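Enquirer: Protein chains in written order, with this note's numbering: chain R, 1 to 385; chain B, 1001 to 1385. Positions of the beta carbon are idealized from the N, C-alpha and C atoms, including for glycine. Predicted model only: the values in this text are computed from it and were never measured. Below you'll find the structure I mean.
Written out as structure tokens, the structure reads:
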């Protein structure tokens, strides 16, 4: 039986993780739960799953919950880290959104917890530090997103040195067929109609710019120690093939399934076993066609920025991530146009002097300063070329 | 270094195996070679690969070769079995065509050789006996065809009890889009234009009737201990996905590549390693579309006959195979119409009283008698319904 702490248990990944726990009561026990501020749902989860402790990022909301709950309730980032380090847990599911997720991952690994990782920022901004800690503490790091879960499954029983290429599939997002002119006028509400995956707003915009795929390229680099020239992206609108691994004998393995986060979440938790699931069986004859096309780096420059930032390394991916986050939220609030997201990122990365081999404080400092600079640039419209 | 004996070294699989040996001189040594009657090519192979011994099925041709070669040359089925049991080899590649391949496989396993198996009849007619011998002698049995190699690779690092379904892909063959009426008039030369795979004549007709896929269903049953209700077929005209394995968590693994026998042959020989290969890298964006459809059991009744014969077991699959072989050669010689192949098979299997748990002699006897009966039925046109 695995004892889980779920960071971000009230979000999309968090609630799906709890569904899996519920379906497999003999396999999992909940040690700790955290939320940003959704204390109503957290309270229900506490009653149902009986964790030892919980944490709420928002301090006022935490105080409200403390009055009603009869378990330890912590608050703020320190509270979240406490849950990440709980003695009673062996595995931490990090389903936090944003760079807030980095520190709890590292603290959990230092406490020798195994990690099931949905938080993209952890590896994008601090991949080198995280992987070092994983090795040092002999912990395991299981990816939760569908693409990296696919790669992990294709590598089962294989040697990483036999891999010639990893191909990450991308749905192409809601603007796959948009011209550059159409993109100029694209609104957040257009992007939020994602063709295949139901996700949060931030990540849906990342999917529209392909930055989401850019982050996955950087994560692949760290998770599998793969150089960037061996990582490819192919557009596959149906999102049925979740990624592919090519070996040096030109044999390719792929993992497939309907777009359904339950499968990669459960695999991250059940590994090295597989548990049964009642999700829908894939029926290729019903799907009929799987399509593929090259990504267009001109219409989707963010993909290229991610490759470049990844190759430069050091603090550059943290700049990429922070600039993107601020730009995406500005777009969601209709403060900037869709193509401005890429422009803001480019102006921030162009202006950054990379620190090589940064420690975590330097990364978090760059993250903070980039956010401030990006906000200022948006206010003053300084990113226009 | 592996020491190989290749049974059927002058055929399509045999010569491709020797190409791989040539490309990996530090990995393989040739112990023995055999041919049906192509002694010109065998002689060249003897000079190039310097085996310890060779065998020729045709006794007259064997005598001719003996005069010219300075190694031991054996003849007939006994000669082939001698090569299968050579002391100096550790692995036997069985690339024989037809039920002649069964006995040498079993004798090789009894001599504790590992087997790389291209001969379909071995498992179709004698699967139970072969798998028993494999277990008893702790030998390994590696499939050479693309579909079973795909399944094997998908199962790497996985547990067979976690498998919920195996889906074998089929190109659909040259008559995939033919109506029943068009099939009535289909000629051998039409069938021999196979859309994706370059193969021998017999196997190309088996691909046109989908009997080839039927045999693979039976082989899958034996290779992976899979019950028939867990084995599916999907038509996939591009032959890029070579087969798929679904696990109980609804995650699916697939193996992909251009239609190219070199990859599965090399994998069967390199396993548990992978060797480099200079074959073409798969490019999905260039391929653009992968299509899938349900097999039509009405237009392709042979697929159903294979399921039925497999489920009945005992000597029934040997009848299926023998009747098919005679019918296919009669079709190739324009003695019967294309739909008659299925009719002949049906009349032979309908007329057979299955022997349960047969020994090898009983299987070979049923094989022989079915051939005689099928030939007679064709002469007398007794199979017409």
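Could you check which residue in 96/R, 131/R, 75/R and 59/R has the C-alpha nearest to that of residue 360/R?
Expert: Checking every option, the nearest Cα to that of residue 360/R belongs to 131/R.
Enquirer: Report yes if the CB atom of residue 1098/B is closer than 9 angstroms to the CB atom of residue 1213/B, and no otherwise.
Expert: Going by C-beta atoms, residue 1098/B is not nearer than 9 angstroms to residue 1213/B.
Enquirer: Any residues in the segment 1130 to 1162 of chain B with a beta carbon nearer than 9 angstroms to a beta carbon of chain R? Which ones, in chain order?
Expert: Listed by position along the chain: 1149, 1150, 1153, 1154, 1155, 1156, 1157, 1158, 1159 and 1162.
Enquirer: Just checking my contact of residue 167/R with residue 234/R at CB under 8 angstroms: how many whole Å lie between their CB atoms?
Expert: Residue 167/R to residue 234/R, Cβ: 5 angstroms. Contact.
Enquirer: Any C-beta of chain R within less than 7 angstroms: which residues of the segment 1224 to 1241 of chain B qualify?
Expert: So the list reads 1234, given in the order they occur along the chain.
Enquirer: In chain B, what lies closer than 7 angstroms to residue 23/R by C-beta?
Expert: Here the premise fails: no neighbours, minimum Cβ distance about 11 angstroms.
Enquirer: Name, in chain order, the residues that DSSP records as bridge partners for residue 40/R.
Expert: Answer is none; residue 40/R lacks a bridge partner.
Enquirer: Do the segment 1323 to 1337 of chain B and the segment 1251 to 1263 of chain B touch if we need at least three Cβ pairs shorter than 8 angstroms?
Expert: No contact exists between the segment 1323 to 1337 of chain B and the segment 1251 to 1263 of chain B.
Enquirer: For a contact defined as C-beta to C-beta under 9 angstroms, what are the partners of residue 274/R on chain B?
Expert: Simply 1158, 1159, 1162, 1247, 1248, 1249 and 1251.
Enquirer: Indicate whether at least one CB of chain B lies closer than 9 angstroms to the CB of residue 213/R.
Expert: It does not: the Cβ of residue 213/R has no partner Cβ on chain B nearer than 9 angstroms.
Enquirer: Per DSSP, what kind of secondary structure is residue 247/R in: helix, strand or coil?
Expert: Correct three-state label for residue 247/R: strand.
Enquirer: Taking Cβ positions only, does residue 205/R come closer than 9 angstroms to chain D?
Expert: Reference to chain D is not applicable here, since the protein chains of this structure are R and B.
Enquirer: Please state the DSSP three-state secondary structure of residue 152/R.
Expert: If DSSP states are grouped into helix, strand and coil, residue 152/R belongs with the helices.
Enquirer: Nearest to residue 1088/B by alpha carbon, out of 1031/B, 1368/B and 1306/B?
Expert: For residue 1088/B, the nearest C-alpha among the options comes from 1031/B.
Enquirer: Suppose contacts are defined by Cβ-Cβ distances below 9 angstroms. Is residue 325/R in contact with residue 371/R by that definition?
Expert: Yes. Within cutoff.
Enquirer: What residues from chain R crowd round residue 1026/B, counting only those whose CB sits closer than 7 angstroms?
Expert: Simply none; closest approach about 16 angstroms.
Enquirer: For a cutoff of 9 angstroms on Cβ pairs, would you count residue 1257/B as touching chain R?
Expert: Yes, residue 1257/B lies at the interface with chain R (some Cβ there is under 9 angstroms from its Cβ).
Enquirer: Which two residues bound the contiguous alpha helix (DSSP H) that contains residue 130/R?
Expert: Counting along the chain, the alpha helix (DSSP H) containing residue 130/R begins and ends at 120 to 136.
Enquirer: Along the chain, where does the alpha helix (DSSP H) containing residue 357/R start, and where does it finish?
Expert: Here residue 357/R belongs to no alpha helix (DSSP H), and DSSP marks it neither H nor E.
Enquirer: Contact criterion: CB-CB distance below 9 angstroms. Does residue 1280/B meet it with respect to chain R?
Expert: Yes, residue 1280/B lies at the interface with chain R (some Cβ there is under 9 angstroms from its Cβ).
Enquirer: Of the residues that make up the segment 1067 to 1082 of chain B, which ones have a beta carbon closer than 7 angstroms to any beta carbon in chain R?
Expert: If the cut-off is 7 angstroms between Cβ atoms, the segment 1067 to 1082 of chain B has nothing near chain R.
Enquirer: Per the contact definition of three or more C-beta pairs closer than 8 angstroms, is the segment 1106 to 1116 of chain B in contact with the segment 1131 to 1148 of chain B?
Expert: Result yes; three or more Cβ-Cβ pairs closer than 8 angstroms.
Enquirer: Please go through the same chain and pick out, in chain order, the residues whose beta-carbon is closer than 7 angstroms to the beta-carbon of residue 1362/B, but skip the five residues on each side of it.
Expert: Counting only Cβ-Cβ distances below 7 angstroms, and skipping sequence neighbours, we find 1315 and 1355.
Enquirer: Mind reading off the beta-carbon distance from residue 1165/B to residue 1246/B? Whole number of angstroms is fine, and I expect it under 8 angstroms.
Expert: So it is a contact: roughly 4 angstroms between Cβ atoms.
Enquirer: Where does residue 219/R land, buried or exposed, given buried means 16+ other C-beta within 10 angstroms?
Expert: Residue 219/R should be labelled buried.
Enquirer: Would you say residue 284/R lies against chain B (beta-carbon separation less than 9 angstroms)?
Expert: At least one chain B Cβ lies under 9 angstroms of residue 284/R.
Enquirer: Answer with yes or no whether the minimum CB distance from residue 293/R to chain B is below 9 angstroms.
Expert: Yes, contact with chain B.
Enquirer: In whole angstroms, give me the CA-to-CA distance for residue 62/R and residue 255/R.
Expert: Going from the Cα of residue 62/R to the Cα of residue 255/R covers about 41 angstroms.
Enquirer: What are the boundary residues of the beta strand (DSSP E) that includes residue 1229/B?
Expert: From DSSP, residue 1229/B is part of no beta strand (DSSP E); its letter is neither H nor E.
Enquirer: What is the DSSP secondary structure of residue 310/R, reduced to helix, strand or coil?
Expert: Residue state, collapsed to three classes: helix.
Enquirer: Would the beta-carbon of residue 1073/B be found less than 8 angstroms away from any heavy atom of the ligand SAH?
Expert: With respect to the ligand SAH, the structure offers nothing, as it holds no ligand at all.
Enquirer: For residue 1051/B, which residues in the same chain have their Cβ closer than 7 angstroms to its Cβ, ignoring the five residues on either side in sequence?
Expert: Excluding sequence neighbours, residue 1051/B sits near 1030, 1031, 1032, 1033 and 1071.
Enquirer: Roughly how many whole angstroms lie between the Cα atoms of residue 1276/B and residue 1378/B?
Expert: Rounded to the nearest angstrom, the two C-alpha atoms are 49 angstroms apart.
Enquirer: To the nearest angstrom, how far is it from the Cα of residue 1079/B to the Cα of residue 1295/B?
Expert: Roughly 42 angstroms between the two C-alpha positions.
Enquirer: Taking Cβ-Cβ distances shorter than 8 angstroms, what residues in chain R pair up with residue 1004/B?
Expert: The premise fails here: residue 1004/B is roughly 17 angstroms from chain R at the closest Cβ pair, so nothing lies under 8 angstroms.
Enquirer: Go through its chain and collect everything with a Cβ distance to residue 1077/B's Cβ below 8 angstroms, but skip five positions before and after it.
Expert: Excluding sequence neighbours, residue 1077/B sits near 1057, 1100, 1103 and 1104.
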